[in-house]
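Presented below is the structure to which this report refers.
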Amino acid sequence: MQFSQIDDMLDEAFSHLGARYRRGMSGPNAFDCSGFTSYVFKNMGIELNRSSRAQYTQGEAVSKDELRTGDLVFFTGSSTRGPIGHVGIVVDVDPISGSFNFIHASTTGVRVSNSKERYYSRRYVGARRVLQ
1 MQFSQIDDML DEAFSHLGAR YRRGMSGPNA FDCSGFTSYV FKNMGIELNR SSRAQYTQGE
61 AVSKDELRTG DLVFFTGSST RGPIGHVGIV VDVDPISGSF NFIHASTTGV RVSNSKERYY
121 SRRYVGARRV LQ
């Protein structure tokens with residue numbers, strides 16, 4: 001994916017910063033995590049599956065040390081319904097520490113979090129690259 005496309009995708013994602021969280025919703029005014037990622041990617045012409053577990057099967061696996069802006073990152077959820085329960089979009093990666101910021105729909109709404117936050121650092125599962 002070209003840099004301008006990544007910038008456009010991030011512009012779309014950030015335009016929803018602060019939007020409400022609602023389970024089962026996929027925008028434009030309220031989202032759950034996979035609804036948010038599927039909405040943002042759909043506006044870029046890319047269809048993603050609707051659930052975070054199903055999105056984890058799309059694209060190609062990416063190791064944590066190869067993450068880049070636009071990759072999908074996955075975490076276990078707070079429930080025990082399976083290994084994948086949350087998804088976000090990488091905003092930037094610190095080349096020294098390897099930590100990354102990601103935008104996602106959390107229960108407090110669409111926001112940016114860092115992978116070093118205890119909640120997310122303990123729940124990281126993996127990443128997928130849908131954009132080439």
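Residue 59 in full-length UniProt numbering sits at position 59 of the sequence shown, with consecutive numbering throughout.
Idealized CB from N, CA, C, for every residue including glycine.
What does a CB cutoff of less than 6 Å around residue i pick up in its chain, not counting 5 residues either side in sequence?
{"i": "A127", "result": "V62, L67, D71 and V73"}
{"i": "N43", "result": "E12"}
{"i": "G77", "result": "G85 and H86"}
{"i": "R20", "result": "A30 and G109"}
Rounded to the nearest angstrom, what separates residue i and residue j at their Cα positions?
{"i": "F75", "j": "R122", "result": "9 Å"}
{"i": "Y119", "j": "S97", "result": "18 Å"}
{"i": "L131", "j": "G45", "result": "11 Å"}
{"i": "S99", "j": "G109", "result": "22 Å"}
{"i": "S115", "j": "K64", "result": "11 Å"}
{"i": "A106", "j": "I6", "result": "The amino acid occupying residue 106 in the given sequence is Ser; Ala does not appear at that position. In a straight line, the C-alpha of S106 is about 22 Å away from that of I6."}
{"i": "D92", "j": "S51", "result": "24 Å"}
{"i": "E60", "j": "E117", "result": "25 Å"}
{"i": "D8", "j": "G24", "result": "25 Å"}
{"i": "L10", "j": "N101", "result": "12 Å"}
{"i": "E47", "j": "I103", "result": "18 Å"}
{"i": "Y124", "j": "S34", "result": "16 Å"}
{"i": "P95", "j": "P83", "result": "28 Å"}
Run through DSSP, which three-state label would residue i get?
{"i": "S97", "result": "coil"}
{"i": "Y56", "result": "coil"}
{"i": "G35", "result": "helix"}
{"i": "D11", "result": "helix"}
{"i": "V130", "result": "coil"}
{"i": "D92", "result": "strand"}
{"i": "R22", "result": "coil"}
{"i": "I103", "result": "strand"}
{"i": "R111", "result": "strand"}
When the distance is taken between beta carbons, is residue j closer than 9 Å to residue i?
{"i": "S38", "j": "N49", "result": "yes"}
{"i": "R111", "j": "L17", "result": "yes"}
Inset, instruction - Count the C-beta pairs between the region 48-66 and the region 82-89 that are closer than 8 Å, then say yes if the count reaches three, no if not. - result: yes
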